[in-house]
Amino acid sequence: MRKFNAALAVIAVTFWLVSVGCERTNQHDSSHPTSTNSLADAKGDTPVRYLCTYCGAWREADPVKLIVSLSEGAKPGSADERAIADAKKTEGPFMIRHLEKCGLKGGMVVAVYPDDPKWKKLDKNKQEK
Ligand SMILES: [Zn+2]
2 MRKFNAALAV IAVTFWLVSV GCERTNQHDS SHPTSTNSLA DAKGDTPVRY
52 LCTYCGAWRE ADPVKLIVSL SEGAKPGSAD ERAIADAKKT EGPFMIRHLE
102 KCGLKGGMVV AVYPDDPKWK KLDKNKQEK
């Protein structure tokens, strides 16, 4: 009976993750057109906190900026190129620092969203910029 309950819990969590995932996808598909034409203006509605699972350090960021930082191929000298360079400077260091230092010890950087119970439990003293 105990085993059966555990299996049910796993199924419930899986469904929850799937439904949360769908909700996010729907937000992206929402019909109101985005008014941003430039990556420099790109901004998400939901902040995200990147948490290093090894040392507990975290930073709050706009997930869209991370996507911008991973973009390549903007026209040289364009606003997009500057936005990508800026995003690389702000989004990159935390990831690199913790993936290099803590990744070797089994840590990884995970995204925590505001509806995650972990969101409020993050240690204020471990917040990084
Ligand atoms: Zn770390």
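Residue numbers (the numbering used here): 2 to 130.
Glycine included, every Cβ here is placed at the ideal spot set by N, Cα and C.
Identity of the residues DSSP links to residue i by a beta bridge
i, result
"Arg-98", "Answer by DSSP bridge pairing: none, since Arg-98 is not bridged."
"Trp-120", "Answer by DSSP bridge pairing: none, since Trp-120 is not bridged."
Closer than 7 Å: residue i CB and nearest ligand 1 heavy atom
i, result
"Gly-55", "The amino acid at residue 55 is misidentified as Gly; the sequence shows Tyr. True, at least one ligand heavy atom lies under 7 Å from that Cβ."
"Ala-62", "no"
"Ala-58", "yes"
"Lys-102", "yes"
"Gly-74", "no"
"Gly-93", "no"
"Gly-108", "yes"
Enclosing alpha helix (DSSP H) for residue i [first to last residue]
i, result
"Leu-67", "64-70"
Host beta strand (DSSP E) of residue i (start-end)
i, result
"Cys-56", "Looking at the DSSP string, Cys-56 is not in any beta strand (DSSP E), and its letter there is neither H nor E."
"Ala-112", "110-113"
Near ligand 2: residue i beta-carbon under 7 Å from a heavy atom
i, result
"Lys-76", "With respect to small molecules bound, the structure shown includes ligand 1 and not ligand 2."
Q.
Using 8 Å as the cut-off, can you tell me whether the segment 65-74 makes contact with the segment 84-95, which would need three or more C-beta pairs spanning the two stretches below that distance?
A. Touching, yes.
Q.
For the segment 112-124 against the segment 46-62, do three or more pairs of beta-carbon atoms, one drawn from each stretch, fall closer than 8 Å, so that the two count as touching?
A. Yes: at least three Cβ pairs fall under 8 Å.
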